[in-house]
Amino acid sequence: MGKYPLNLNPCLNINEAATENRHPNCHPEIQVEPQEKKKTPKGRAYKRVLYTRRFVNVTMTGGKRKVHPD
Numbered sequence: 001m002g003k004y005p006l007n008l009n010p011c012l013n014i015n016e017a018a019t020e021n022r023h024p025n026c027h028p029e030i031q032v033e034p035q036e037k038k039k040t041p042k043g044r045a046y047k048r049v050l051y052t053r054r055f056v057n058v059t060m061t062g063g064k065r066k067v068h069p070d
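Numbering (the UniProt record's numbering) for the sequence shown: 1 to 70.
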């Protein structure tokens, strides 16, 4: 069995109306331009981003400090 169960496979042809709205990976001839992203900071600047993400922008949930998933 593949990545999707049979009823959720986006590449499956169920009816003719759905063929235009299929998953983009089913149409290799249609290429989408990748969006431009900002470059990620390196070194000290990246550590600073991590600090602000983990400890400065923390939202209080239920009176406890949010535990980061890392």
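We treat Cβ as the ideally placed atom computed from N, Cα and C, and that holds for glycine.
*asked:* According to DSSP, simplified to helix, strand and coil, what is residue 71?
replied: Nothing can be reported for residue 71: it is not among the residues displayed for the chain, which extend from 1 to 70.
*Inspect the beta-carbon positions of Thr40 and Tyr46 and report whether they are closer than 8 angstroms.*
yes
*Where Lys42 and Val58 are concerned, what is the direct C-alpha to C-alpha distance, given to the nearest angstrom?*
23 angstroms
_DSSP-derived helix/strand/coil call for Lys42_ = coil
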